[in-house]
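In our numbering, the protein residues as written are -5 to 578.
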């Protein structure tokens, strides 16, 4: 009996010690983690990081796609022609994220000063409803909004790219899509960065129609220097080349996707495809220290970017210093306010009256600054009680041509390899964008981001997105083109690239590659890359009430900076070794 009591006491003590040690590690691991030189490991495997030119620059997350864009520019195409060509090429060479089966945003700044924002975000199927992922007790049914055909929104990429080409390009579709057809039909050589992506997303590649494309013998990932050939995708691209947009939305391609969806408990219909429309809006914009920032309006993340910048405009970040306790406190506060308002107010403008003017007013920013004291703000007091997270496996690319046209594109299938399904005979992965809606009030999506009732599922509605393709101008001339993948971290990544350049005077490579921080309030932890916060700053932030968690890296801010002498610098983010900056 005494032995049993001793064992019980020993077990209790062990459990208590484990809890104490675990809590300590959670709150202090960053001190240990930040001493590990993971950044140099990333640098060691990085190639193609910078390119300098005077006639044109392309930066994307996959080197073959970047080369395609450069060839279009060299052949006399403008930035929009090149951007469309890159978009189609990435659907072949970066299938985790580049796509035909997803959607996204394109921001255009024309040489004449005009701007356009093209919204080709996916829409909810016409048979969708706000309770489609709930069981009879009102509980969320696991994985239905992330895996399989019920997770798929109506794709917008093909219509969006073709619309941009028709309205703002100079070349024919057959010409700009031909390089993508060649890459799919004859294959491309996989580099280390490409293989890493397939390894990371292997669990999404196991469905038979997916495995036969992306896995050898349906089970092993391809290796470096292997050639990936995609005949079904080549045929799909050929159909689009020959028949245009209708091939995808009214022809055999739509029929194949709908048939597969209906066979596998999905709700996509031919009417969903035939009725899909691209939307064109004015970009959201703000001024920051003499620069004009243009970005994606709702349902995009540009409002969040501008709101953070408006709040930070009231502080001298340069004087406070890069990632000091005070500058980070102001940055975290701006992030919290912007994400809280995003959750409370924003959604698809066809369904929601977005109070963008109020959120971006100088008066509102000033009123928020007045509430920032010494201690960290309570996230619960900022957020509404409604809750939702968002796919990080998006891709971004930037293009500038010799005439001064600039394009920033962010598009996605949401998670790594989307819903993990390929309709037989089509060759392309389908998105799981339905998870970006508020699938249940009070719950978070796969990326932990809270979203409110304005983002509830409705037929034909576009889900809220953090994607923030951004173009910064000075005196009407393009200065900086940027954006990033990364789900809810996208606006904060764009924010830090901008402040690193404008406030801290970094060159573009340092601005893009410097370690980042992210805070959205819920979860109640600051996320930080290695070396983003020094041990002393970490302790100072802890005193203010912040808790910090380490994270290896995120995002890929593929960016271009145009100097006053018209030289252009493109930078491929070191976090994306498969990417490349090219110029001429």
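Just so you know, even glycine gets a beta-carbon here, dropped at the ideal spot from N, CA and C. Source: prediction; values computed, not measured.
Simplified DSSP assignment, three categories, for residue i
i: residue 43; result: coil
i: residue 525; result: coil
i: residue 546; result: coil
i: residue 565; result: strand
i: residue 28; result: Model confidence at residue 28 stands at a pLDDT of 42, short of 50, so the residue's coordinates are unreliable and nothing is read from them.
i: residue 434; result: coil
i: residue 321; result: helix
i: residue 574; result: strand
i: residue 102; result: strand
i: residue 279; result: strand
i: residue 53; result: strand
i: residue 331; result: helix
i: residue 208; result: helix
i: residue 415; result: coil
i: residue 371; result: coil
i: residue 21; result: Because the pLDDT at residue 21 is just 49, under 50, the model does not fix this residue reliably, and the value given afterwards should be weighed accordingly. It is helical.
i: residue 531; result: helix
i: residue 476; result: strand
From the options, residue whose alpha carbon lies closest to that of residue i
i: residue 404; options: 162, 164, 416, 480; result: 480
i: residue 524; options: 537, 549, 544; result: 544
i: residue 231; options: 475, 93, 130; result: 93
i: residue 55; options: 49, 222, 90; result: 90
i: residue 550; options: 490, 499, 377; result: 490
i: residue 105; options: 493, 393, 446; result: 393
i: residue 201; options: 466, 129, 421; result: 421
i: residue 542; options: 279, 528, 552, 520; result: 520
i: residue 265; options: 243, 102, 151, 254; result: 243
i: residue 409; options: 339, 429, 400; result: 429
i: residue 494; options: 376, 282, 419; result: 282
i: residue 339; options: 141, 76, 152, 449; result: 449
i: residue 377; options: 354, 327, 173; result: 327
i: residue 305; options: 279, 274, 364, 319; result: 364
i: residue 396; options: 72, 133, 66, 155; result: 72
i: residue 579; options: 123, 196, 195, 87; result: Here the chain has residues from -5 to 578 only, and residue 579 is not among them.
i: residue 123; options: 370, 434, 45; result: 434
i: residue 406; options: 308, 373, 154; result: 154
Cα-Cα separation between residue i and residue j, rounded to whole angstroms
i: residue 145; j: residue 426; result: 5 angstroms
i: residue 337; j: residue 482; result: 12 angstroms
i: residue 330; j: residue 69; result: 46 angstroms
i: residue 97; j: residue 530; result: 43 angstroms
i: residue 583; j: residue 179; result: Past the edges of the chain, shown from -5 to 578, lies residue 583, and the structure says nothing about it.
i: residue 413; j: residue 537; result: 42 angstroms
i: residue 321; j: residue 573; result: 31 angstroms
i: residue 424; j: residue 47; result: 36 angstroms
i: residue 184; j: residue 510; result: 29 angstroms
i: residue 390; j: residue 186; result: 20 angstroms
i: residue 325; j: residue 302; result: 8 angstroms
i: residue 570; j: residue 136; result: 31 angstroms
i: residue 83; j: residue 368; result: 49 angstroms
i: residue 578; j: residue 553; result: 16 angstroms
i: residue 160; j: residue 114; result: 14 angstroms
i: residue 293; j: residue 540; result: 30 angstroms
i: residue 211; j: residue 454; result: 39 angstroms
i: residue 287; j: residue 418; result: 43 angstroms
i: residue 129; j: residue 238; result: 41 angstroms
i: residue 51; j: residue 64; result: 7 angstroms
Beta-bridge pairing of residue i - partner residues as DSSP gives them
i: residue 471; result: 468
i: residue 296; result: Its beta-bridge partners do not exist; DSSP assigns none.
i: residue 391; result: 403
i: residue 516; result: Partner(s): none; residue 516 has no beta bridge.
i: residue 553; result: 565
i: residue 221; result: 183
i: residue 511; result: 522
i: residue 148; result: 117
i: residue 214; result: 210
i: residue 95; result: 424
Opening and closing residue of the alpha helix (DSSP H) in which residue i lies
i: residue 289; result: Where residue 289 is concerned, there is no enclosing alpha helix (DSSP H), although the beta strand (DSSP E) it sits in stretches over 285 to 289.
i: residue 242; result: 239 to 243
i: residue 189; result: 186 to 194
i: residue 138; result: Taken as a continuous stretch (DSSP letters only), residue 138 belongs to no alpha helix (DSSP H), as it is neither H nor E.
i: residue 363; result: 356 to 363
i: residue 494; result: 484 to 496
i: residue 255; result: 246 to 257
i: residue 78; result: 73 to 87
i: residue 310; result: It is not in any alpha helix (DSSP H) - residue 310 carries neither H nor E in the DSSP assignment.
Opening and closing residue of the beta strand (DSSP E) in which residue i lies
i: residue 272; result: Residue 272 -> no beta strand (DSSP E), and no H or E assigned at all.
i: residue 113; result: 109 to 113
Contact with chain D by residue i, beta-carbon distance below 8 angstroms
i: residue 357; result: Protein chains in the displayed structure number just one, and chain D is not present.
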